[in-house]
Amino acid sequence: MVKQASNIAIDWKGLGWQYLFFWYFSGVVQLIIFASGIAGFTGFRAAIYMSTLWLIPTLLFPRHTRKIAAVIGVILLPFALTSLGYLYIYHQEFSQSVLFIIFESNMAESSEYLSSYFSLGILACFLIYSAGAFLLWQRIRPVVLPKRALNILFVLIGLIIVTPFIRNMLVKEHSFPDTVDRISQNMEPAAPWQMIVGYFEYREQLQNMQLLLTRASNVPPLTNLKAANDQPATLVLVIGESTNRQRMSLYGYPRNTTPKLDQLKDQLFTFTNVIGPRPYTIETLQQVLSFADQEHPDRYQSTPTIMNMMKQAGYKTFWITNQQTMTARNTMLTAFSKQTDQQFYLNNNRSQNAKQYDDVVFEPFKQILKDPSQKKFIVVHLLGTHMKYEYRYSEDFAKFHGRDHVPDWVKDGGELEAYNSYDNAVLFNDHVVSTLIDLTSQQGQNKNSLLLYLSDHGEEVFDEKPHFKGRNEAAPTAAMYTVPFIVWASPAWRSKHAEAIQSALSRPFMTSSLIHTWAELADLNFDALDRSKSIINPTYMPRPRLIGDPYNKKSLRDFDALTSNHTLLSK
Numbered sequence: 002m003v004k005q006a007s008n009i010a011i012d013w014k015g016l017g018w019q020y021l022f023f024w025y026f027s028g029v030v031q032l033i034i035f036a037s038g039i040a041g042f043t044g045f046r047a048a049i050y051m052s053t054l055w056l057i058p059t060l061l062f063p064r065h066t067r068k069i070a071a072v073i074g075v076i077l078l079p080f081a082l083t084s085l086g087y088l089y090i091y092h093q094e095f096s097q098s099v100l101f102i103i104f105e106s107n108m109a110e111s112s113e114y115l116s117s118y119f120s121l122g123i124l125a126c127f128l129i130y131s132a133g134a135f136l137l138w139q140r141i142r143p144v145v146l147p148k149r150a151l152n153i154l155f156v157l158i159g160l161i162i163v164t165p166f167i168r169n170m171l172v173k174e175h176s177f178p179d180t181v182d183r184i185s186q187n188m189e190p191a192a193p194w195q196m197i198v199g200y201f202e203y204r205e206q207l208q209n210m211q212l213l214l215t216r217a218s219n220v221p222p223l224t225n226l227k228a229a230n231d232q233p234a235t236l237v238l239v240i241g242e243s244t245n246r247q248r249m250s251l252y253g254y255p256r257n258t259t260p261k262l263d264q265l266k267d268q269l270f271t272f273t274n275v276i277g278p279r280p281y282t283i284e285t286l287q288q289v290l291s292f293a294d295q296e297h298p299d300r301y302q303s304t305p306t307i308m309n310m311m312k313q314a315g316y317k318t319f320w321i322t323n324q325q326t327m328t329a330r331n332t333m334l335t336a337f338s339k340q341t342d343q344q345f346y347l348n349n350n351r352s353q354n355a356k357q358y359d360d361v362v363f364e365p366f367k368q369i370l371k372d373p374s375q376k377k378f379i380v381v382h383l384l385g386t387h388m389k390y391e392y393r394y395s396e397d398f399a400k401f402h403g404r405d406h407v408p409d410w411v412k413d414g415g416e417l418e419a420y421n422s423y424d425n426a427v428l429f430n431d432h433v434v435s436t437l438i439d440l441t442s443q444q445g446q447n448k449n450s451l452l453l454y455l456s457d458h459g460e461e462v463f464d465e466k467p468h469f470k471g472r473n474e475a476a477p478t479a480a481m482y483t484v485p486f487i488v489w490a491s492p493a494w495r496s497k498h499a500e501a502i503q504s505a506l507s508r509p510f511m512t513s514s515l516i517h518t519w520a521e522l523a524d525l526n527f528d529a530l531d532r533s534k535s536i537i538n539p540t541y542m543p544r545p546r547l548i549g550d551p552y553n554k555k556s557l558r559d560f561d562a563l564t565s566n567h568t569l570l571s572k
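Take the sequence shown: its letters are residues 2 to 572, numbered as in our numbering.
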């Protein structure tokens, strides 16, 4: 270490070149991600402050600055190129979900994958990027700071390290493990942490998923399961996200947000009084995809799921998802997906608040439809209209801008932008769902084909008092729960079931009973089937539709009692 003089002028330019060199390995990719609108400012901000830490060794040992910088650069470059290459190919930010896909593939699949995407364009991109790093390294020179300035700098760097712990543990009162987890997530966008943190998060979530799968494998099958017919069939369950049916023109909304579904209206069974049990994806789908409900929320752990049921009935099962894969929240969804025979994971973004369009599901869906299996069950899980709404549709669908049919209480500026963006997202969702229907219908009119579309929950976007955006189970509004529930069926299927369904369209229903309805739609019978919970059965018996946290019984409320008293719908 060089003895620091107290009267040396600070070489700010030299210090700037050092910082720019270290920032380059994280900042360029994050700048592209932010500038192109793929994701928000969080990753770019992380790259700015994480790059500061690499200055510590070069300032402590200025005589070896260029050697230290070269070693750090050689270590960081492969990580930076990996992120850059993934961004170049997929227009997504690298995340632990990518590691899940890689480790789920065998060597042959990985080699084929790499060779299929390798091109002169990406090679040129890598060479130019590497040359930029080399040119920056050549500008690096030793910087000897006065002792006082060096002490101040290390205090600032220490604050960068310590402040997140203070803020999370003392101010927000998070536990130490939670704090470490939050800090590691903030580090993740910067090289090399996107690989290191991503790998450890992947291992943690993989372990959690394996526990869920082990538990699921010990669940006994349905007793006396029988299919009414053994004809070829393609049954599709499309699960939307955060879509409030009150914002769909198919359900009477004055803006033309579902023009394609409107055109298909005569071919659809449109259920008009359906709600989800909870305003959160995981908690809702634990019930929608199993025998769990608001009174028995843990039954998804001890009883078969829809995926198990369809596989037991002889269907080849598939799962296509545009949701994130290996995250703490979505591990349960990934465990559900692994109960199918084949999975397609399409969204490997680090953040849910990233630009990702649902039309990516079309190609794997077409691929599955070509599968020679006579009986196919397909789950398609969309991002739907999940916030940020502007990330859910392409520019071609940015139709709504002004105040036409916008309530007076929606303020100009951010509220109006969010209101219009949500309607644009609903418009794009209409395109996605109607396209999936068209593709299913092309299977052949004589086949028993069926597609059911529902959303996991709704979304409050300045629809009702207190006029806010998002979801809050403790302060419910109807918009958080009212969901679309639509069935398209082939003529062969309609000829057998149309009359029963037509009489059920206005019945009050909660999607936590979907498995009973789905079993009837699929012509299945088994001991645990409760036909009084199937909305299409003549013996259907409406029950109180309880919303709230089922683990806190005092929080449960009757949705219909609340809406009839106008405590949800008043404006």
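From the three backbone atoms N, C-alpha and C, an ideal C-beta is built for every residue, glycine too. Please read all numbers here as calculations on a predicted model, not as lab measurements.
Practice item. Just grab the DSSP bridge partners of histidine 382 for me. Key: Ile240, Thr322
Review point. Where do the ends of the beta strand (DSSP E) carrying asparagine 449 lie?
Key: 449-456
Point to revise | Nearest residue (CA-CA) to asparagine 323, options Tyr316, Gly315, Thr335 | key: Thr335
Practice item. Mind reading off the beta-carbon distance from isoleucine 141 to tryptophan 18? Whole number of angstroms is fine, and I expect it under 8 Å. Key: 6 Å
Exercise for review: Taking only the alpha-carbon atoms, compute the straight-line gap between glycine 15 and leucine 383 and give it to the nearest angstrom.
Suggested key: 49 Å
Exercise for review: Please confirm whether alanine 505 and isoleucine 537 have their CB atoms less than 8 Å apart.
Suggested key: yes
Exercise for review: Tell me whether valine 172 is buried or exposed, calling it buried when 16 or more other Cβ atoms sit within 10 Å of its Cβ.
Suggested key: exposed
Review point. DSSP beta-bridge partners for isoleucine 276?
Key: Thr483, Met511
Review point. Is it right to say proline 539 is buried, meaning 16 or more other beta carbons lie within 10 angstroms of its own, or is it exposed?
Key: exposed
Check your understanding: Contact between the segment 275-295 and the segment 507-522: three or more CB pairs below 8 Å?
Key -> yes
**Study point:** CB of valine 146 within 8 Å of CB of isoleucine 11, strictly
**Key:** Looking at the sequence shown, residue 146 is not valine but leucine. Contact: yes.
Exercise for review: Would you mind working out which of Ile321, Gly459, Met542, Asp263 sits nearest proline 365, comparing C-alpha positions?
Suggested key: Ile321
Point to revise | Coarse secondary structure for tryptophan 489, derived from DSSP in three states | key: strand
Exercise for review: From the DSSP output, in three-state form, read off aspartate 524 for me.
Suggested key: coil
Check your understanding: Should phenylalanine 26 go down as buried or exposed, given a rule of 16 or more other Cβ atoms within 10 Å for buried?
Key -> buried
Exercise for review: Spatial neighbours of isoleucine 369 within its chain, please: CB distance less than 7 Å, with the 5 preceding and 5 following residues excluded, ordered by chain position.
Suggested key: Phe319, Lys377, Ile379
Review point. What do you get for arginine 64, buried or exposed, if any count of 16 or more other CB atoms within 10 angstroms of its CB means buried?
Key: exposed
Review point. Taking all protein chains shown into account, do 16 or more other C-beta atoms lie within 10 angstroms of the C-beta of arginine 404, making it buried, or fewer, making it exposed?
Key: exposed
Check your understanding: In angstroms, rounded to a whole number, what distance separates the CA positions of isoleucine 161 and leucine 154?
Key -> 11 Å
Practice item. Kindly indicate which three-state DSSP category alanine 191 falls into: helix, strand or coil? Key: coil
Point to revise | Three-state secondary structure (DSSP) of threonine 271 | key: strand
Review point. Where in the segment 34-105 do unbroken runs of the alpha helix (DSSP H), each at least 4 residues long, occur, reported from the N-terminal end onward?
Key: 43-51, 56-61, 66-91, 97-105
Review point. To which residues does DSSP link glutamate 396 through a beta bridge?
Key: Paired residues: none, contrary to the question.
Review point. Count the other CB atoms within 10 Å of the CB of glutamine 93; is the residue buried (16 or more) or exposed (fewer)?
Key: buried
Check your understanding: Thinking C-alpha only, which one of Phe80, Leu452, Gly315, Ala419 is nearest isoleucine 435?
Key -> Residue identity check: residue 435 is serine in the sequence provided, not isoleucine. Among Phe80, Leu452, Gly315, Ala419, the Cα nearest to that of serine 435 is on Leu452.
Point to revise | Proximity winner among Val72, Phe62, Leu21, relative to threonine 53 (alpha-carbon distances) | key: Leu21
Exercise for review: Tell me whether glutamine 295 sits in a helix, a strand or coil according to DSSP, three-state version.
Suggested key: coil
Exercise for review: Could you check the C-alpha separation between proline 221 and asparagine 350 for me, to the nearest Å?
Suggested key: 36 Å
Check your understanding: Which runs of the alpha helix (DSSP H), 4 residues or longer, sit entirely within the segment 133-167?
Key -> 148-167
Point to revise | Beta-bridge pairing of valine 462 - partner residues as DSSP gives them | key: Lys470
Check your understanding: Can you name, in chain order, every residue of its own chain whose Cβ lies under 8 Å from the Cβ of serine 533, other than the five neighbours on each side?
Key -> Thr540, Tyr541, Met542
Check your understanding: Which residues share a DSSP beta bridge with asparagine 348?
Key -> Gln325
**Study point:** tyrosine 552, buried or exposed, once every other Cβ within 10 Å from all chains shown has been counted against 16
**Key:** exposed
Point to revise | threonine 244 beta carbon less than 8 Å from that of serine 250 | key: no
Point to revise | Status (buried if at least 16 other CB within 10 Å, exposed otherwise) for phenylalanine 95 | key: buried
Exercise for review: Leaving out five residues on either side along the sequence, give the residues of the same chain with a beta carbon under 8 Å from the beta carbon of leucine 229.
Suggested key: Note that residue 229 corresponds to alanine in the displayed sequence, not to leucine. Cβ within range, chain order: Asp524, Leu525, Asn526.
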